[in-house]
Amino acid sequence: MNPVEEIKQRVDIVDVISESVSLQKSGRNYRALCPFHAEKAPSFFVFPDRGTWHCFGGCATGGDVFSFVMKKENLDFSGALRVLAERAGISLGRKSGAAEETEKDRLRQANEAAALFFQHALLNTQAGAAALNYLTLRGIDRQTAEAFHLGYSPDSWDALREHLKGRGFSEDELLKAGLLVEGEKGAYDRFRQRATIPIRDERGRAVGFGSRSLPSESVDGEPEGPKYLNTPQTPIFDKGAILFGLDRAAEHIRRSDLAVIVEGYMDVIAAHQHGNLNVVASMGTALTERQLGLLRRLTENIVLAFDPDTAGQAASERGDVVAQRMGAQIRVMKLPKGRDPDDIIRADPDAWRRFVIEAEAPKAFSAAIIQSTPTEHGRRTGAKRKAAPAAAEERVDLSKGEETCLALLVRYPHLRAEGMAIGEELFEDTLNRQIFEVWREAGPDGELREKVAEESLRQRLERIVARDLPPFDPTQAQRALATCTERLKKTRIRDEKRARNSEIAEKEQRLGAGRLVEYAQKTMQGEALPQDLPEDETAGVTALVRDMEAGLELHDKREPPDGGKNPSKEQQHI
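The opening residue of the sequence shown carries number 17 in the numbering used here; numbering runs sequentially from there.
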């Protein structure tokens, strides 16, 4: 991971912007008067789940946390990088860039290869049958075991070592990945005769393992070694910065606007098997700021469901403190003594859901927080009009779309005229915007690589240059660029509509929907508003008018870029 991506992961854009802008909660987003131009009604919005901001008023621009710092502090990209790196505790002087990322990729690949090896041993060997039987006794069916890539580590000192060395990994790499242990007689397998559970980061990449010992055939029946054994700290595994299951739960957390945090792997696996897909695990630790930072991009509503023992209670209390400091809304589940989440979920999934609903806000939290906790499906009550969740076909990966536009401009020089007509505000990712500006300044014969000095920009440019595009002819490339830019523009419009939904709902409820709609329609017909109309009501009318205009823009029936023809198969992949 390069420094830019690492900073975005560690730094909360809401925290950064709120230091200089008075933000007001608006549904899942935040709004404020734009700090970059004078206005009476708020048109500046922050989107925590995507890590971006946008002014839908006079500025008509936006970006990520880097672009905000650059604009607010009048810094270039390098200056903003230094400021945010210091804030995130990242040293830019250390070895970084392509070499470091290549090393980390190798460690992740080693863990992925180990996961496949363990899974094969579980499902296809006689020795693995005992581990599979143990998982069955724990209530985990085969389908779930395969979905989570659960496995079995053979009762051997070198089975994994030799297998991975045969796949081209060195002992040094396997030691750094935490898969081997250095002993007096050489390196040996860390995990032996255990049920294994791959631990993945929020992007689904294997970064480590949890493991559970299996019943032994010894006289006392006690297995050798600790009951639970995990990967130690490595360059890619930091227990306090990972939530087990987040890669599988993220979309469900976003949709339900609620995350449930348990302690152990088995709790998460049982929850997902029984349809509770917004559950993640802190892996036995109290909730950390980095873990909470990952969740706050998806929701601010969190239920802690730690085991009802002394350690679990202490973890809940520490998690409460962290959550309060970071502004999350925490509720604590009251579990019966002697029963952990895994037991309850397997015995009675409906009871588990009731426990989630009945979770209580800690006494340290205010009444306002208690009143705003979500219902069973994560919805808050009070407003008539709510932002609808994005439909699957509307969810656009903005960075991907921006990079596609740039790849077309770089690949097809004849698109320069069309590219010069694109506004830089189309690119909300700072690296993409910087590359677009370099492309624009380079001229038709300019060599981009020679003009990009910063390492993060070079990496991004190489990724864009190497992007896999269909073999367009000149006309197809022109249409593809028009399609790509149009999608990004309409995504911005949808963003504005969703961002304003909460504001309009509040105004409709307080001032009357009929009155606002009447004035909004008159305004769109060119009639002036009454001079004695209160400022708050004028702001409501303005927001509603913009919402209507945005709706018309989204449903504009003008001829599409392809001249009304159906898009080609190549265009559909853009």
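Built from N, CA and C at the ideal position, the CB exists for glycine as well.
Considering only DSSP beta bridges, list what residue i is partnered with.
| i | result |
| --- | --- |
| Val32 | Val32 is not bridged to any residue. |
| Asp205 | Leu196 |
| Asp80 | Thr68 |
| Thr212 | Gly167, Ser227 |
| Ala297 | Phe260, Val278 |
| Glu376 | Val348 |
For residue i, which three-state DSSP category applies?
| i | result |
| --- | --- |
| Tyr150 | helix |
| Gly144 | helix |
| Arg124 | helix |
| Pro19 | helix |
| Ser388 | Bear in mind that a pLDDT of 35 at Ser388, under 50, signals an unreliable position, so the number given afterwards is only what the model happens to contain. Coil, per DSSP. |
| Gln5 | Lying outside 17 to 590, the shown extent of the chain, residue 5 is not represented and no answer is given. |
| Leu320 | strand |
| Lys402 | Residue placement at Lys402 is flagged as unreliable, the pLDDT there being 39, under the threshold of 50; a coordinate-derived value is accordingly withheld. |
| Arg47 | strand |
| Arg26 | helix |
| Glu62 | In the sequence as displayed, the identity of residue 62 is Val instead of Glu. Three-state result, Val62: strand. |
| Ala57 | coil |
| Ala222 | strand |
| Lys255 | helix |
| Gly439 | coil |
| Gln541 | coil |
| Asn517 | helix |
| Phe381 | Caution applies to Phe381, whose pLDDT of 39 falls short of 50 and renders its modelled position unreliable; the value that the coordinates give is listed next. If DSSP states are grouped into helix, strand and coil, Phe381 belongs with coil. |
| Gly309 | helix |
| Lys506 | helix |
| Gly354 | coil |
| Cys75 | coil |
| Leu190 | helix |
| Thr160 | helix |
| Asp366 | helix |
| Glu409 | Here the model assigns Glu409 a pLDDT of 29, short of 50, so the residue's position is not dependable, and the following value carries that caveat. The answer is helix: DSSP assigns Glu409 an H, G or I state. |
| Asp217 | coil |
| Thr304 | coil |
| Gln135 | helix |
| Gly155 | coil |
| Asp511 | helix |
| Leu485 | coil |
| Phe52 | coil |
List the endpoints of the continuous beta strand (DSSP E) containing residue i.
| i | result |
| --- | --- |
| Trp69 | 68–71 |
| Gln289 | No beta strand (DSSP E) contains Gln289, which is instead part of the alpha helix (DSSP H) from 281–289. |
| Arg313 | No beta strand (DSSP E) contains Arg313, which DSSP labels as neither H nor E. |
| Ala175 | First-last for Ala175: 175–182, but that is the alpha helix (DSSP H), not the beta strand (DSSP E). |
| Leu245 | 244–246 |
Over what stretch of residues does the alpha helix (DSSP H) that includes residue i continue unbroken?
| i | result |
| --- | --- |
| Asn448 | 446–458 |
| Pro428 | Residue identity differs from the one stated: residue 428 is Tyr in this sequence, not Pro. Careful: Tyr428 lies outside any alpha helix (DSSP H) and carries neither H nor E. |
| Gly95 | 93–104 |
| Arg479 | 471–481 |
| Ala358 | Rather than Ala, the amino acid found at residue 358 in this sequence is Asp. It spans 357–363 - the alpha helix (DSSP H) in which Asp358 sits, taken as one unbroken run. |
| Arg465 | 464–467 |
Residue i and residue j look like a contact to me (Cβ under 8 angstroms); what is the Cβ gap, rounded to whole Å?
| i | j | result |
| --- | --- | --- |
| Arg26 | Gly309 | 7 angstroms |
| Phe185 | Ala146 | Between Ala146 and Phe185 the Cβ distance is about 28 angstroms, and since that is not below 8 angstroms, they are no contact. |
| Ala19 | Ala101 | According to the sequence provided, residue 19 is Pro. The question's Ala does not apply to it. Their Cβ separation, rounded to whole angstroms, is 6 angstroms, which keeps Pro19 and Ala101 in contact under 8 angstroms. |
| Asp205 | Leu196 | 6 angstroms |
| Gly144 | Leu138 | 4 angstroms |
| Gly261 | His290 | Between His290 and Gly261 the Cβ distance is about 14 angstroms, and since that is not below 8 angstroms, they are no contact. |
| Lys255 | Met299 | 6 angstroms |
| Leu425 | Gly439 | Not confirmed; about 14 angstroms, so no contact. |
| Ile480 | Glu419 | 5 angstroms |
For the ligand FMN, is there any heavy atom lying closer than 8 angstroms to the beta carbon of residue i?
| i | result |
| --- | --- |
| Leu310 | Judged by which ligands are present, the structure shown has none, so any question about the ligand FMN falls away. |
Please confirm whether residue i has its beta-carbon closer than 9 angstroms to some beta-carbon of chain B.
| i | result |
| --- | --- |
| Gln159 | The structure shown contains no chain B, having only a single protein chain. |
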